[in-house]
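Following: one structure in structure tokens, then a few remarks.
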Amino acid sequence: MGEIYKEQKLELQTLKETCKEIKELLKLMEKEIMAMATEHRNSNEEDLKEEERGSNGYGEQEILPKGTKEIETMILMTNLINKRRKVPRIKQKKKKLYKKKS
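At position 22 of the sequence shown (counting the first as 1) the number is 21 in numbering that gives the first Met the number 0, and the numbers step up by one without a gap.
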């Protein structure tokens, strides 16, 4: 009986050690993944900034007709008006004024 307990203790101890090793490996992987994610995020932000710089006037610009800006503002205005019309209106109850009886 004593030998069986010793064997089980040894197996349990080796199992605990392997679990610790696995935890350490997982922590290392987590750190690496987080570092990769931040690098990827930073590179995406840099790409977006470069695209914005290119579209703001540093790159080639498209020639637009004169009335384009007016047309765009009209489209935006009509879209805004349509959105306002679609929103259900809240009915408010009229407040009654009570006069003091003297």
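Don't be surprised by glycine CBs; every beta carbon is placed ideally from N, CA and C.
Margin query: Looking only at its chain, what residues have a beta carbon closer than 6 Å to the beta carbon of MET73, apart from the 5 residues adjacent to it on each side?
Written below: Nothing listed; no residue qualifies.
Margin query: For LEU75 and VAL86, I'd like the C-alpha separation in whole angstroms.
Written below: Straight-line Cα distance between these residues: approximately 17 Å.
Item checked: Sequence-distant residues of its chain with Cβ nearer than 8 Å to LYS26 (five each side left out) -> So no residue of the chain qualifies.
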